Amino acid sequence: MTDTSSTNIPISPRQAMIRRALRHKGLIFGTVVMAVVILIAIFAPLLTEYDPYKQNLLTRMKPPVLLGGDPDHWLGTDALGRDYWARLAYGARVSLTIGIVAAVISATIGCTLGILAGYFGGRVDAVVTFLINVRLAMPVVLVALAVVALLGGSLIVVISVLGLLLWDRFAVVLRSATMQVRSLEYIAAAEVLGASLPRILVKDILPNVMNHLIVIFTLEMAHAIILEAALSFLGLGVQPPTPSWGLMISEGKEMLLFESWLITIPGVALFFLVLAINMMGDGIRDVTAPEGRN
Amino acid sequence: MKLPNLLAASAIALSAGAMSAQADKADDTLRLAFTKELETVDIYFNSAREGILLARAIWDGLLYRDPVTGEYKGNLATEWKWIDDVTLELKLREGVTFHNGEPFNADDVVYTVNYVANPDNGIVVQRNVSWMDRAEKVDDYTVRIILDAPFPPAEEFLAGPVVMYPNEYYAEVGPAGMALNPIGTGPYKVSSVDPGLHYELEAFDGYHGDPRNAASIGKIDIRTIPDFNTQIAEFFNGQLDFLWNVPADQAEKLDAMGKYQVENAEAIRIGFISMDASGRADADGPMTNPLVRKAVAHAIDRQAIVDALVKGSSEVVHSACAKIQFACEQDVAQYEYNPEKAKALLAEAGYPDGFEIDFHAYRNRPYAEAMMGFLDEVGIKTNLVYLKYSALRDARSKGEVPFTFQTWGSYSLADASAIVGEHFTGGMLDDAKDAEVTAWVNEADSTTDKDKRIGLYSKALKKIADEAYWLPLWSYNVNYVMSQEVSYAPTNDEIVRFFDFSWK
């Protein structure tokens, strides 16, 4: 007896996409890791009894349990005796907050400019292209360092600076994507039917460039997290005692040669978070636009 | 074998191999590193410890204080006597030459003293030189230094920061030229300077050798390596022979390896928190309220920080000076660790929920963060502003810093005037601007009556403690780590004397 159901029953595009998603190892890995990090960030207070800010100089630099440390602090304690797991868990909130909010700000700016430039073309496109060129001429890390040094490091400053610096890729990609969509017949049809401009942009164009937006969003989210870690490592990002993974690496580097786990733990966490976000982005691109795979 | 032990053993094995490959004794070169970039080698235009180390190698003072006995000895001067309260006559050593061959005589002393005593020339630490009015030549080898007013610690300063420059050379090249090609009479002459990065010294064959030893090691090679881990890595590889100011945790680990010599010595340096009592940074700021300053003092568990982080021979200090300094009154108000009392004082001062304030620091970031943790517990939220020393000093000079963790090494001078005089006499670093304290300190520094000085400093230091203008924190200690080939006995004044080094 032969099973013919899979070949004879037609499937919808959505079902096909779900099938591709379930077969995409990178997407599954990225999604699982991201989900774990998000859950840790949300439920941090339930996952540890320790306050990430509470120092105890009597229990400083206890190694993780795997290296012979105290079971009460399974990931050990830092140079001020703060529980390392608590700081890592609460630090996930900082990393994710910075990544998501900075990417949302960037996406808002970049999408608006990109879609307007792609839809209207002409002078609007020229102005937006000029703005993109100006932005691309500025080295992100140097500008971020200068602005944070000038305004002082804090969570809000870091998020704002990164949000205002990382919109260029959204604008470039969405401008091109909108130009392609703009020339399609259903847009012309919507215009002929008298649809308002906001309706065309939001209901007809935006959904059709959404896959590009999601991919760029994940890339820029990872970019923002890495930049925050770099700024914090240089002492210009999130300021102590806020638990940030970049700051944890910076604080641990003093004992790099003797207690290397102090930087290995947040370093590995940062590595996996960024890797997961990038794999998610790649996976979403492959699943939503399989023709674009390489 | 556990993983960390395996890694440590591998590092030791690798370093041992590397060390045998680079025996610095063979090329007679002692290699060490500076953590901070020195602004300039000209000692009158920098205030960094690194500058002091170089100065003690390159130049000579008129006098010399034996770091072990504390006895003053002649250096470029062989005899000295007070003609009156404000006139010091010195007989100069004959036959001394500068590194460039220029003979040393009274003209050099007169030129140097008159140059540095002139405020228009902008010497960075005025306290070191402002006590001198001028110098006068009596004959080629006799000079008189005329003071503005009686200044009891004059000998201490002549044995420390006041060094002699060659008059003809300095008149020609000025501070910029001296920074690039320093010329002195000291036991080491400078063979190359890459400003802020690299300094090479070589033993000066023509050194007079009394009372300081002539250099035993032929060459000193100093590089600026800001990251201490890199310094340790280079030490493991045999590219450095000597580490100084090694943080306590690393020193303990290096000592535990059993491969290196680790020495701990006291320092005159103390740590302190200075608070904007005079309202320079913020006229209505919380630090202008003595109750808030006392709350800060009660909030920080200094003993816990000493025990856990500072370690070594350090201890909590309560007076605004180092215990071994002359006239450093110890019977002053003490603020025990009591967070509940700190909260009550804050509430009484009108800050029941605490407040938020910038906290500036330039070194010992873990100590600063530990203090921030304690302050946070009583409701004082601090934003750490971590700057390079020169930038922070500049900001303090402009009165822009409300609350700062500082240290002061007193130029290794064993007199309270070297710290109190610098910070409480209305100068740019004076956050208190207390006219009464300033008057007492100025009077103390212009009388030769030792008992009277002690009494005046006692009053000043008691008031500083009563008003909590500063929170004195702890005395410092210095960890020195040396390869097995190096022989050096550190002294208790935080000065590394290159001429005292030798090979085993």
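Chain order of the listed sequences is E and W. Using UniProt numbering, read the first sequence as starting at 1 and increasing by one per residue. Using UniProt numbering, read the second sequence as starting at 1 and increasing by one per residue. Quick reminder that beta carbons are idealized off the backbone N, C-alpha and C, glycines included. All of these numbers come straight from a predicted model, not from anything done at the bench.
For the region 37-71 of chain E, the beta-carbon criterion of a distance under 9 Å to any beta-carbon of chain W is satisfied by Y53, K54, Q55, L57, L58, R60, M61, P63, L66, L67, G68. Within the region 119-144 of chain E, no residue has a Cβ lying closer than 7 Å to any Cβ of chain W.
Using a CB distance cut-off of 8 Å, P266/E does not count as an interface residue toward chain W.
Secondary structure note for S250/E: its alpha helix (DSSP H) is the uninterrupted segment 245-252. The region 251-259 of chain E makes contact with the region 249-265 of chain W: 3 or more CB pairs, one atom from each, lie closer than 8 Å.
The alpha-carbon of Y44/W is positioned some 30 Å away from that of T230/W.
For the pair N245/W and G163/E, the Cα-to-Cα distance works out to about 41 Å. By alpha-carbon distance to G218/W, the top candidate from D133/W, A57/W, E202/W is E202/W. When DSSP states are grouped into helix, strand and coil, D28/W belongs to the coil group. Sixteen is the threshold: when 16 or more other Cβ atoms of the shown chains lie within 10 Å of the Cβ of N167/W, as they do, the residue is buried. Judged by DSSP secondary structure, H423/W falls within the alpha helix (DSSP H) whose first and last residues are 417-423. Neighbours of P240/E in chain W, taken as residues whose beta carbon is under 7 Å from its own, are E369, M372, L384 in chain order. Here P211/W carries a coil assignment [DSSP, helix/strand/coil]. Assigned with DSSP and collapsed to three states, Y165/W falls in coil, not helix or strand. Across the set E348/W, E494/W, S475/W, F501/W, the C-alpha of F501/W shows the shortest separation from the C-alpha of S487/W. Closest option to V173/E, judged by alpha-carbon separation, among K203/E, V128/E, G194/E, I156/E: V128/E. Residue nearest to V306/W within the set A320/W, L53/W, P472/W, A26/W is P472/W (criterion: CA-CA distance).
Cβ-Cβ separation between E94/W and Y141/W: approximately 6 Å, consistent with a contact (criterion under 8 Å). DSSP places L147/W in no alpha helix (DSSP H) but in the uninterrupted beta strand (DSSP E) bounded by 142-147. Under a criterion of Cβ atoms nearer than 8 Å, the residues of chain E adjacent to N229/W are, in order, K253, E254, L256, L257. The beta carbon of A41/E is closer than 6 Å to those of A92, R93, L96 in its chain, skipping five residues each way along the sequence.
DSSP places P366/W in the helix class (H, G or I) of the three-state scheme. Secondary structure at M372/W: helix, using DSSP grouped into helix, strand and coil.
Residues of the region 235-254 of chain W whose Cβ lies closer than 7 Å to any Cβ of chain E, in chain order: P247, D249, Q250, K253. What G235/E touches in chain W, judged by beta-carbon distance under 7 Å, is Y386, going in chain order. A distance of 8 Å or more separates the beta carbons of A281/W and V437/W. Taking 8 Å as the threshold, the shortest C-beta distance from L80/E to chain W falls below it. Residues of the region 149-165 of chain E with a C-beta less than 9 Å from any C-beta of chain W: G152, G153, S154, listed in chain order.
The C-alpha of V385/W is placed about 12 Å away from the C-alpha of V148/E.
Taking every protein chain shown into account, the CB of Q55/E has 16 or more other CB atoms within 10 angstroms, so this residue is buried.
Going by beta carbons, A342/W and A370/W fall outside the 8 Å limit. Taking G186/W as the centre and dropping the five residues before and after it, the same chain places the C-beta of A57, I58, W59, D60 closer than 6 Å to its C-beta, in chain order. Under the three-state reduction of DSSP output, P103/W falls in the strand class. Taking the Cα positions, V110/W is about 9 Å away from M164/W. By the criterion of a C-beta distance shorter than 7 Å, V65/E is surrounded in its chain by P71, W74, once the five residues flanking it on both sides are discounted. Runs of the alpha helix (DSSP H) spanning 4 or more residues and lying entirely within the region 49-93 of chain W occur at 49-58, in chain order.
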